[in-house]
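What follows is a short report on a single structure.
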Amino acid sequence: MKTQKIGAWIAILFGATYFILPLIATFEFSLRMRRGEYSFDAYRSVFTDSQFQESFTYSIIMAVLTIVFGVLLIVPTAYWVRLRLPQFRPVMEFVTLLPLVIPAIVIVFGYLRLYNSSSWIPFTGSTRGTDLLLMFSFMTLSLPYMYRSVDTAMRTIDVNTLTEAAQSLGAPWRTILFRCIFPNVMSGVLSGAFITFAIVIGEFTMPSLLNRPAFGPYLQLIGANRAYEPPALAIIAFAITWFSIGILQFLSRFNKARPAKP
Amino acid sequence: MQGIVGTMTASSSTTLLNRKRLTDWVGVAPFTLFAVMFLIAPTLYLVTGAFMNAEGQPTLENIAGLFTPKILASYSISLKISLASAFGGALVGFFLAWAVVLGGVPSWIRSAIMTFSGVASNFAGVPLAFAFLATLGRTGLVTIILRDWFGFNLYATGFNLLSFFGLTLTYMYFQIPLMVLIITPALDGLKKEWREAAEMLGASTFQYWTRVALPILFPSILGTFLLLFANAFGAIATAYSLTGSTFNIVPIQLYAQIRGDVLHNPNLGYALALGMIVITGLSNLIYIWMRIRAERWQK
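Read top to bottom, the protein sequences are chains A and B.
Note that numbering that gives the first Met the number 0 has the first sequence beginning at 0, numbered continuously upward.
Note that numbering that gives the first Met the number 0 has the second sequence beginning at 0, numbered continuously upward.
Structure, rendered in structure tokens:
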């Protein structure tokens, strides 16, 4: 028993060193911009860079759009499948797993060939069209997480009874969906939303190959050309991830605290 | 079980609400359209393209074209890095998970490690490359501390962050947390009674682990290992921003091909993509199969 405890502490110390050291090193490096003393100059330089502001704003807008359209697609579908088409569930499970199986770079390669300016649906023919395609690609990337968190939340409510109750009170479908189902699966929707946010903000491959000025390609560009800004950006990115995932875990704990109904 | 109950209640409500079956399928039409347009059709386009020449006639030339030294080398280095980082991630992650579940450490350490794992498993891509450059790059903190305090020149030993070993070490930063997140529930599922039963029959700790616990955990461990492998195999952003396009792993080669047709044959690019799908697809398939096997013990 005693050796077990010592072993456990060694494992934890080893893990903690491996995980915390790069964070300390990154932070220390980001402070080195002024020669001979520590300063926050690198952060000032990042925050005043107009390209940073533009790409970050662009990615945030894309993240919000991805979340809104993703939720509008997934929640009604998951609801409908639970209510009417349970035989379709395995298909949903499989399809929503695909983005984890097919690498993002392969998916976007397919987009570029299928939706180029000389194809039937020329998404990449215009800037707005490319933005739209990028949003759909982000929706694809977030599909596994969004579907799973919504579906898990939907498992805790009795969709059939809620629907029948609302219908017998004369509610139209829109009211059922937006005033009964949505509020009840809100925790799942929010979990999905925050992980989508974290994915979209950091994504490099898709916006880079679609040539849109998102945060991911900006990070890469700075990394190739500057010395002290990249670690500052890494700290900022880590803070964003921490923020999104922290809220996500808080929400999932809240989710579990509620009694689950079959 | 859940599926059967769901089917029964749904079919009874179908008769209750008295709607036609056809309208049921209309409800999933938007999702189906989305999935076909942005997931299935692009993938199928590449897969079929891999078996065609530029004129659209069926051929196996593209697949054969993969077996050139340069492309084989990139698959080989990709496989090596993915295997090594998945193995390292699975090993360290397993011991970390074991430490928090069975090591008898305070519970706040467990929740701290689980929360951190959630964050770190999502901390990948370009920022991760920056973090490791700041740590183990030529002017990184650890490199400098080793040199100034211990008189140990890391780079004189042949170490290079922009190499197989460096990239593996970097990838493990998201691989270990992922292993911890997935394997912890499996370790939680090890019942105390199994250990007690083994001990009562005179088994040593070593015998308990090799004869009882590890065989039960084996599908979970192997499954997660394959998931980590696929995860590393498809990753590009970290490697690209660490090494630029000099390091020839498959995703970087495909990236260069998409950017500028460096292979001088678009259909060979499709074959390159097909190779990636086959490798990640196979490992995911075995992962799912292993998961189903593992769930037998998690009741």
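Cβ coordinates follow ideal geometry from the N, Cα and C atoms, glycine included.
Source: prediction; values computed, not measured.
For A/Ser125, there is no enclosing alpha helix (DSSP H), since its DSSP letter is neither H nor E. Cβ proximity to chain B below 7 Å picks out nothing from the region 167-190 of chain A. Beta-carbon to beta-carbon, B/Phe163 and B/Ile235 are separated by about 16 Å, too far to satisfy the 8 Å threshold. Taking every protein chain shown into account, the CB of A/Gln52 has fewer than 16 other CB atoms within 10 angstroms, so this residue is exposed.
Between the region 138-149 of chain A and the region 180-199 of chain A, the count of Cβ pairs shorter than 8 Å is three or higher; the stretches touch.
Minimum Cα-Cα distance from A/Ile11 among the listed residues B/Leu281, B/Ala196, B/Asp23, B/Val99 corresponds to B/Val99. The shortest C-alpha to C-alpha distance from A/Pro216 to any of A/Pro21, A/Gly6, A/Trp8, A/Phe55 is the one to A/Phe55.
Comparing alpha carbon positions, the residue from B/Asn152, B/Tyr172, B/Trp97 closest to A/Ile9 is B/Trp97. Chain-order list of chain B residues neighbouring A/Phe193: empty, with the shortest C-beta distance near 10 Å, by a criterion of under 9 Å.
Against chain A, the beta carbon of B/Leu213 has no neighbour under 7 Å; the closest one sits roughly 16 Å away. B/Tyr239 has its alpha-carbon roughly 12 Å from the corresponding atom of A/Leu218. Taking a cut-off of 8 Å on C-beta distances, the region 18-27 of chain A does not touch the region 201-213 of chain A, as fewer than three cross pairs fall below it. Under the Cβ criterion of 8 Å, A/Val100 is counted among the residues facing chain B. Think of a sphere of 9 Å around the beta carbon of A/Gly215: the chain B residues whose beta carbon falls inside it are Gly124, Val125, Ala236, in chain order.
A/Asp150 sits buried, since 16 or more C-beta atoms from the chains shown fall within 10 Å of its C-beta. A distance of 8 Å or more separates the beta carbons of B/Thr167 and B/Ile285. One alpha carbon belongs to A/Ser125, the other to A/Ala7, and they sit about 57 Å apart.
The alpha carbon of B/Trp288 has as its nearest neighbour, out of B/Thr245, B/Thr223, B/Leu262, the alpha carbon of B/Thr223. One finds Phe30, Thr31, Ala34, Leu38, Ile39 in chain B with Cβ atoms closer than 9 Å to the Cβ of A/Val94, taken in chain order. B/Leu95 places its beta carbon less than 8 Å from that of A/Gly14. For B/Met199, no CB of chain A lies under 8 Å from its own CB, so it is not counted at the interface with that chain. When B/Pro68, B/Ala28, B/Ala34, B/Ala128 are compared, the shortest CA-CA separation from A/Ala236 is found for B/Ala128. Residues of chain B with a Cβ closer than 7 Å to the Cβ of A/Gln248 are, in chain order, Thr114, Gly117. Proximity of the region 76-85 of chain A to the region 148-164 of chain A meets the contact definition, three or more beta-carbon pairs being nearer than 8 Å.
By the neighbour-count definition (other C-beta atoms within 10 Å, threshold 16), B/Leu71 is an exposed residue. Close to chain A, meaning a Cβ-Cβ distance shorter than 9 Å, are the following residues of the region 173-184 of chain B: Ile175, Pro176, Val179.
Annotation: the continuous alpha helix (DSSP H) that includes B/Met171 extends over 163-187. For A/Tyr42, the closest C-alpha among the options A/Phe242, A/Ser243, A/Thr240, A/Leu232 is that of A/Leu232.
Listed by position along chain A, the residues whose Cβ is nearer than 8 Å to that of B/Tyr154 form an empty set, because the closest Cβ is around 16 Å away. Contact note: B/Asn61 does not reach chain A at a C-beta cutoff of 7 Å; the least C-beta distance is about 14 Å. Under the Cβ criterion (8 Å, minimum of three pairs), the region 32-41 of chain B counts as touching the region 81-100 of chain A. According to DSSP, residue pairing for B/Met113 in a beta bridge does not occur. Around the CB of A/Ile244, 16 or more other CB atoms lie within 10 Å, so the residue is classed as buried. By the beta-carbon neighbour count (other beta carbons within 10 angstroms, threshold 16), B/Asn230 is buried. For the region 100-126 of chain A, the set of residues with a beta-carbon nearer than 9 Å to any beta-carbon of chain B comprises Val100, Ile101, Pro102, Ala103, Ile104, Val105, Ile106, Val107, Phe108, Gly109, Tyr110, Leu111, Arg112, Leu113, Tyr114, Ile120, in chain order. Under the Cβ distance rule, B/Thr167 does not count among the residues neighbouring chain A, no pair being separated by less than 8 Å.
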